[in-house]
Amino acid sequence: MTEVNSFQLCGWCCAVSAQIIFGTYVAISVVCLVMAAVIISLNGLVIFILARQKDSNRLHFFIFHLAIAVIIVSNNLLIGMSVDRYLAVRYPLRTITG
66 MTEVNSFQLC
76 GWCCAVSAQI
86 IFGTYVAISV
96 VCLVMAAVII
106 SLNGLVIFIL
116 ARQKDSNRLH
126 FFIFHLAIAV
136 IIVSNNLLIG
146 MSVDRYLAVR
156 YPLRTITG
């Protein structure tokens, strides 16, 4: 029988907890991506429907521009979250701070 010292056990536990944390980050990123895709597609549908209507009143004009603004904001958030996740995985805080 081989002896398992505390350093090997600690390394294994840290590796398992790192995998769990990394899996959580991946799950959060996927949920955010799906939510952003749903928001963008629904707003695209609103824009498409309002653009096809012949009579355009002020309410339709307001909703049309509000949908465009929401698409722009959600795209910016999606890009920001993607860059943040990439930088967090590429340059972990423990490596930077020592």
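In this text, residue positions in the sequence shown follow the working numbering: the first is 66, and each later residue adds one.
Using N, Cα and C, we set each Cβ at its ideal position, and we do this for glycine too.
{"query": "Cutting at 8 Å between CB atoms, please list the residues of its own chain near Ile-112, excluding the five before and the five after it.", "result": "Phe-129, Ala-132, Ile-133, Ile-136"}
{"query": "Quick check on the DSSP output: the alpha helix (DSSP H) that includes Gln-141 runs from which residue to which?", "result": "Per the sequence shown, the amino acid found at residue 141 is Asn instead of Gln. Per DSSP, Asn-141 belongs to the alpha helix (DSSP H) from 123 to 155."}
{"query": "Only counting the same chain, and skipping five residues up and downstream in sequence, which positions put a Cβ closer than 8 Å to that of Leu-115?", "result": "Ser-121, His-125, Ile-128, Phe-129, Ala-132"}
{"query": "Quick one: what's got a C-beta closer than 6 Å to Ala-153's C-beta in the same chain, skipping five residues either side?", "result": "none"}
{"query": "Nearest-angstrom Cα distance between Ser-139 and Ser-106?", "result": "11 Å"}
{"query": "Output the distance between the C-alpha atoms of Asn-141 and Ala-101, rounded to the nearest integer angstrom.", "result": "10 Å"}
{"query": "I need the straight-line Cα distance from Leu-158 to Val-103, nearest angstrom please.", "result": "32 Å"}
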